[in-house]
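Taking it in order: structure first as structure tokens, then the write-up.
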Amino acid sequence: MATLRHDGEESPAPVATALHVTTPRRRWRRWLLNAVLYAGLVIVAVFCLMPFYFMLSGSLMDRGEMFRIPPRFWPEKLIFENYRAIFQQFSFLTYLRNSIIVSVAQTLGVLFFCSLAGYVFAKRRFPGRNALFIFVLATSMMPNGQTTIIPFYLLMVKFNWIDTFWPLIVPWWAPPLSIFLMRQYIAAGIPDDLIDAATVDGSGLFGTYWRIVLPLSVPGLVVIGVIQFIAIWNDFLYGLLVLKSEEMRTVTVALTELSRRTQASTLYGPLFAGIVMATLPTIILFFIFQRRLTQGILSGAIRG
Amino acid sequence: MEHVERLQVSPIERPRRRSRGRLAEIARHWPEYLCIAPFFVIFAVFFAYPIGWAFVLSFQRWDGITEARWVGLDNYRFVLNDPVTHRVFTNIIRYLLILVPLGVFLPLAFGAILNLPFLRFRGVFRTILFIPVVTSLVVVGIVWRLLFGTANGWLNGLLAHVGLGPYNWLKDPALAQIPIVSLTIWGTVGFSTLIVLGGLQAIDQDLYDSARVDGASGWQTFWHITLPLMRPVIVFLLITSTIGVITLFSQPYVVTRGGPANHTLTPLLHIYNIGIGTSGAPRIGDATALSFLLTAFMLVVVFAQLWLVRRRGEE
Numbered sequence: 001m002a003t004l005r006h007d008g009e010e011s012p013a014p015v016a017t018a019l020h021v022t023t024p025r026r027r028w029r030r031w032l033l034n035a036v037l038y039a040g041l042v043i044v045a046v047f048c049l050m051p052f053y054f055m056l057s058g059s060l061m062d063r064g065e066m067f068r069i070p071p072r073f074w075p076e077k078l079i080f081e082n083y084r085a086i087f088q089q090f091s092f093l094t095y096l097r098n099s100i101i102v103s104v105a106q107t108l109g110v111l112f113f114c115s116l117a118g119y120v121f122a123k124r125r126f127p128g129r130n131a132l133f134i135f136v137l138a139t140s141m142m143p144n145g146q147t148t149i150i151p152f153y154l155l156m157v158k159f160n161w162i163d164t165f166w167p168l169i170v171p172w173w174a175p176p177l178s179i180f181l182m183r184q185y186i187a188a189g190i191p192d193d194l195i196d197a198a199t200v201d202g203s204g205l206f207g208t209y210w211r212i213v214l215p216l217s218v219p220g221l222v223v224i225g226v227i228q229f230i231a232i233w234n235d236f237l238y239g240l241l242v243l244k245s246e247e248m249r250t251v252t253v254a255l256t257e258l259s260r261r262t263q264a265s266t267l268y269g270p271l272f273a274g275i276v277m278a279t280l281p282t283i284i285l286f287f288i289f290q291r292r293l294t295q296g297i298l299s300g301a302i303r304g
Numbered sequence: 305m306e307h308v309e310r311l312q313v314s315p316i317e318r319p320r321r322r323s324r325g326r327l328a329e330i331a332r333h334w335p336e337y338l339c340i341a342p343f344f345v346i347f348a349v350f351f352a353y354p355i356g357w358a359f360v361l362s363f364q365r366w367d368g369i370t371e372a373r374w375v376g377l378d379n380y381r382f383v384l385n386d387p388v389t390h391r392v393f394t395n396i397i398r399y400l401l402i403l404v405p406l407g408v409f410l411p412l413a414f415g416a417i418l419n420l421p422f423l424r425f426r427g428v429f430r431t432i433l434f435i436p437v438v439t440s441l442v443v444v445g446i447v448w449r450l451l452f453g454t455a456n457g458w459l460n461g462l463l464a465h466v467g468l469g470p471y472n473w474l475k476d477p478a479l480a481q482i483p484i485v486s487l488t489i490w491g492t493v494g495f496s497t498l499i500v501l502g503g504l505q506a507i508d509q510d511l512y513d514s515a516r517v518d519g520a521s522g523w524q525t526f527w528h529i530t531l532p533l534m535r536p537v538i539v540f541l542l543i544t545s546t547i548g549v550i551t552l553f554s555q556p557y558v559v560t561r562g563g564p565a566n567h568t569l570t571p572l573l574h575i576y577n578i579g580i581g582t583s584g585a586p587r588i589g590d591a592t593a594l595s596f597l598l599t600a601f602m603l604v605v606v607f608a609q610l611w612l613v614r615r616r617g618e619e
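Structural data, given as structure tokens:
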């Protein structure tokens, strides 16, 4: 409506923007503001996407082209040799398999233990419930993990867990924030009447969990599962710490250690092909679950 | 029937049982405790116990193989006088001074812009900004090495077009933090912006409407409504970016390997190097002593920040 308003003197032609345009000067300022805004956003977007462009471009170049001076930004001729090399010269399939085993085993454990604990904290009454729940939340604020890498490593040596997947799976099965999220989800999403009815029918705690709570929590579980899967897939520090032999390495550890070899520059082509394939799964997951994922992160992070 | 009665107790009502019956009550609820036990067992075994053990180890000299021996405060004394320790803490303070302001202001700015109602392609920009968050920083760090290479790096190639460079990004102590900082920003700003957007969207729209009715300018609205209500989000960004910087590991590990001359080395990377023994025998005592100093440093910085941003009314 405002764009159609004429004020007598030098009335500007109506412009098709959502902005309130009154005088030419104001319109000019709005236009400039918009131009600066969109230019800035495009620059930021380019900054965000540029590494993906380079990893793709690098993975399709041959070795000579990658180290040409001055550098080339896109291969003269696309070659797919690097994608063959990463599987044939290096056991990339093994690394992929390792990453999948670790990610799936950890995620399934997280889903089971966190939904179980979340259900008990949300719907069951027992002595000390609130105090215990506050304790769970408090541990999520402790700066524990990363400052204890050395004793964690020594503990894994003691357990004889070095060079196995266990250190990347078991210790991470009950993250406090996921317990919190599941508690919120079950408290709000599953009516008490349903659980009461099952209890009256003689269903025990675990039976109710398995038959009522678990099926009804699937949407919440999907969000937590995807977030968890992405986090483990990208985990590096603990993999580096405990996976010593080459055939046990996960994708992130294997690629990083390849890049640190003394002759690394000779294998940048296959390396970039590996990087593309290591990055794709999480991006695909993100696009599939984008809306629910961002909502899930928000509900967890604001309180955490 | 007993179960049904228990479930109907309202949350406000306190249990009237005496302490004598308390133990029986706890015993009767064993399935509940069993269900939440995994968290407590995992926490005790994999986090609490290692912290306690680390405390003991920080007073011992041990290489992980031969007999450990007690050395009192020697490890702390050594680590505090070690020039490398001074180097890593100098580095971390430089990282903090760059990355924390950026980690708070960039997400606030991006969040505010991406929340503008008239902006087109908002969803597209939000998605693009968030994609880096789901990637592995250490894997993208390999790309960063090539990006910042001297002779054939893409960045120098671009800069050459405008007549700048070449810069020795990864080898020059004055420049080497730039790749680390840019990679960290690239990987984390999308997540923080999402948090800011969530905070902005949680603000009651009526507040803005009534402010406009009262004739408040855009700047006044921002200063008196948006900023106070965004305070928890700002504190969250401050604390998370601080802890993120203090525990920096992957970025220097892959991009610069801590070099040149330890100028990008971070405390955690240093702890890893000496504790695992990447060059020479593991110095477990020094590593654990340094991790406690690092934790103390982190607590001091975080509490100082919380004190600085405290609500003035609560004094």
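Chains A and B supply the protein sequences, listed in that same order. Residue numbers are given in the numbering used here: position 90 of the first sequence equals residue 90, and the series is strictly consecutive. Residue numbers are given in the numbering used here: position 200 of the second sequence equals residue 504, and the series is strictly consecutive. Beta carbons: idealized from backbone N, C-alpha and C, even for Gly. From a predicted model like this one, the values you see are computed outputs, not experimental measurements.
Per-residue contacts from residue i into chain A (C-beta, under 9 Å)
i      : result
B:L504 : Result: empty, since nearest Cβ-Cβ is about 11 Å, beyond 9 Å.
B:L498 : T294, I297, L298, A301
B:V375 : Result: empty, since nearest Cβ-Cβ is about 17 Å, beyond 9 Å.
Nonlocal neighbours in the same chain, by C-beta distance under 7 Å from residue i, ignoring five residues either side
i      : result
A:L255 : L271, G274, I275, A278
A:G225 : T107, L111
A:Y238 : P167, L168
B:Q364 : A372, R373, W374, V375, G589
A:F92  : I86, G274
A:I162 : M156, V242, K244
Close-in-space but distant-in-sequence residues of the same chain around residue i (CB under 6 Å, 5 per side omitted)
i      : result
A:K123 : I195
B:V437 : G494, F495
A:E247 : T94
A:I297 : none
A:G220 : Y185
B:Q609 : L542
Extent of the continuous alpha helix (DSSP H) to which residue i belongs
i      : result
B:Q524 : 522-525
B:L598 : 588-612
A:W166 : 166-169
B:T371 : Per the sequence shown, the amino acid found at residue 371 of chain B is Glu instead of Thr. Unbroken run through B:E371: none, as it is neither H nor E.
B:W473 : Neither: B:W473 is in no alpha helix (DSSP H) and is coded neither H nor E.
A:P71  : No alpha helix (DSSP H) contains A:P71, which DSSP labels as neither H nor E.
A:Q106 : 92-123
A:I149 : 149-158
A:P176 : 176-189
Assumed close pair residue i, residue j - CB separation to whole angstroms, cut-off 8 Å
i      : j      : result
A:S115 : A:L214 : 6 Å
B:I588 : B:D367 : 7 Å
A:W233 : A:S103 : 5 Å
B:L450 : B:G457 : 6 Å
B:V485 : B:P411 : So it is not a contact: roughly 15 Å between Cβ atoms.
Proximal chain B residues relative to residue i, where beta-carbon distance stays under 7 Å
i      : result
A:L255 : V443, I446
A:F92  : Within chain B, no residue comes near A:F92; the closest Cβ sits about 13 Å away, beyond 7 Å.
Same chain only: Cβ atoms within 8 Å of residue i, ignoring 5 sequence neighbours per side
i      : result
A:L258 : F90, A264, L267, L271, G274
B:P564 : L474, K475, D476, P477, A480
A:S140 : P175, P176, L177, F180, G304
B:L384 : L597
Amino acids of chain B, ordered along the chain, whose beta-carbon sits closer than 8 Å to that of residue i
i      : result
A:W173 : P342, I346
A:T148 : F351, P354, I355, A358, S595
A:I275 : V443, V444, I446, V447
Chain-ordered chain A contacts of residue i [CB-CB under 8 Å]
i      : result
B:T492 : The contacting residues do not exist; B:T492 stays about 12 Å from chain A at best.
B:V558 : T256, S259, R260
B:I417 : L37, G40, L41
Per-residue contacts from residue i into chain B (C-beta, under 9 Å)
i      : result
A:F229 : None at all; the shortest Cβ gap to chain B is about 10 Å.
A:L155 : V349, F350, Y353, P354, W357
Tell me which residues of the segment 35-67 of chain A have at least one Cβ-Cβ distance to chain B shorter than 8 Å, keeping chain order.
L37, G40, L41, V44, A45, F47, C48, L49, P51, F52, F54, M55, G58, M66, F67
Which of the residues in the segment 573-587 of chain B, read from start to end, lie with their CB under 8 Å from any CB of chain A?
I575, Y576, G579, I580
Taking a cut of 9 Å between CB atoms, which residues from the segment 209-224 of chain A lie near chain B?
Y209
Note down, in chain order, all residues in the segment 423-447 of chain B with a beta-carbon under 9 Å from any beta-carbon belonging to chain A.
L423, R424, F425, V428, F429, R430, T431, I432, L433, F434, I435, P436, V437, V438, T439, S440, L441, V442, V443, V444, G445, I446, V447
For the segment 350-371 of chain B, which residues have a beta carbon sitting closer than 8 Å to at least one beta carbon of chain A?
F350, F351, Y353, P354, I355, W357, A358, L361, G368
Beta carbons nearer than 8 Å to chain B: which residues of the segment 73-97 of chain A have them?
F73
Could you please tell me which residues of the segment 450-467 of chain B, in chain order, have their CB closer than 7 Å to any CB of chain A?
L450, L451, A455, N456, G457, W458, G461, A464
Chain-ordered residues of the segment 588-606 of chain B with a beta carbon less than 7 Å from chain A
I588, A591, T592, S595, L598, T599, M602
With 9 Å as the C-beta to C-beta threshold (strictly closer), list the residues of the segment 279-290 of chain A near chain B in chain order.
T279, T282, I283, L285, F286, F287, Q290
Short-range partners of chain B found in the segment 100-120 of chain A, where Cβ spacing is below 8 Å:
F113, L116, A117, Y119, V120
Could you name the residues of the segment 122-138 of chain A whose beta carbon sits closer than 9 Å to any beta carbon of chain B, in the order they occur along the chain?
K123, R124, R125, F126, P127, G128, R129, L132, F133, F135, V136
For the segment 512-538 of chain B, which residues have a CB atom closer than 7 Å to at least one CB atom of chain A, in sequence order?
none
Chain-ordered residues of the segment 326-338 of chain B with a beta carbon less than 8 Å from chain A:
R326, E329, I330, H333, P335, E336, Y337
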